[in-house]
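Quick notes on the structure that follows.
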Amino acid sequence: GSWVPKLPPTGPLLTSLDSVTIVSYFLRLGQLLSTCVPFSLVAVEDTLREGIGNWCFFVWCFCFSASLLILLTELCIFRSRLPHYWDGFLHAYAFYFTFICLSASIIFGITYIQYLPQGPAQNHAITATAFSALASVLYALEVAWVCARPGNIYCFVPTFQGVIRRLEHVVACVIFGFITNIDLYRHQPALICCVVVYSICFVLGAVNFFINGCDCDNDRRLSIPYPGFLVGQTVLSILLYTTAVVLWPLYQFDENFGGQPLSSDLPPTLCVWDQRLAVAILTAMNLLAYVADSAYMALVFVGVPSF
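Under the working numbering, the residues of the sequence shown are numbered 27 to 333, in order.
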């Protein structure tokens, strides 16, 4: 990753700090509103609080809480007193929330809107989906704004490897959304092992992310570019995900292992079989992401210029 210094513009009628503050606050207030509405609507509808609905509810609550905490931090502390990596943190958090809210919008909408009868519950589902999509747009705007806003800031631009690692985290979060439906795996110990795999890899990635001060592709605290922890985490994740990419489809779709090869004809909501297939695809995606991550590290180790 690279930190690109930006010089303040000269001669504006309104100071850079004022304009930055106004736009940032408008974005933050929009994020608070667009995440508050979905979880408020879901909270009053019991039919929307099942399995994936609970995951979406958690996502919106978490995004709302994090945005509120950031807003209070910026209100109580002068920008000049914030840590130098604050802009990088804002970029990373908005990047993640963009894709998490977008995933919640798609999954929640597909799961509930088309299967609910016309009435208050369906209207609430439609409204929650729309506001969640709006939240993802506002977080995406913040990603662009952090780098484009005027002022003496440091903009974090992730490298290819940084993007890959963020993809790993986002895909893992979406997997957790599907496996909140415990009916997918509680009948087979092998499938429970897959859930453990997803949890271990996610925790290791989160630890690495926070160790490096939210700058996971540019380690500023360790003296070597690719510390042993990072290499070990990537190799272990490849091994664990390889196990999951074999066990999950085998026990979900092979009749010899108690699986269901075909989907149901008349699902009342998003078919459980479809959820199993989604997890299988996402597992394969994350395995490929970890392989690409390790290949990139190997290329850099042998002296190929990074990109």
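Beta carbons are placed, not taken as given, at the ideal position from N, Cα and C, and that holds for glycine.
Asked                                                                                                                                         : Found
Taking three-plus beta-carbon pairs below 8 Å as touching, is the segment 226-238 in contact with the segment 191-206?                        : yes
Could you compute how far the alpha carbon of Val-63 sits from the alpha carbon of Trp-81?                                                    : 16 Å
On a Cα-Cα basis, can you pick out the residue from Glu-76, Phe-121, Val-49, Leu-74 that is closest to Leu-97?                                : Val-49
Are at least three pairs of beta-carbons, each pair with one atom in the segment 294-308 and one in the segment 256-265, less than 8 Å apart? : no
Quick one: measure Cβ to Cβ for Met-311 and Val-221, integer angstroms, because I've assumed they're closer than 8 Å.                         : Met-311 to Val-221, Cβ: 17 Å. No contact.
Taking Cβ to Cβ, would you say Gln-214 is nearer than 9 Å to Tyr-277?                                                                         : yes
Am I right that Leu-53 and Glu-168 are in contact with their C-beta atoms under 8 Å? What's the rounded C-beta distance?                      : 5 Å
Quick test of your reading: Thr-153 and Val-223, contact by CB under 8 Å. State the CB separation rounded to the nearest angstrom.            : In fact, because the Cβ distance is near 36 Å, the residues do not count as touching under 8 Å.
Between Phe-186, Glu-76, Cys-297, Ala-147, which has its C-alpha nearest Leu-325's C-alpha?                                                   : Phe-186
Could you have a look at Pro-335 and say whether DSSP puts it in helix, strand or coil?                                                       : Any question about residue 335 goes unanswered here, given that the chain covers just 27 to 333.
Is Ser-91 buried or exposed, if buried means 16 or more other CB atoms sit within 10 Å of its CB?                                             : exposed
Quick one: using the 10 Å Cβ neighbour count with 16 as the cut-off for buried, is Ala-130 buried or exposed?                                 : buried
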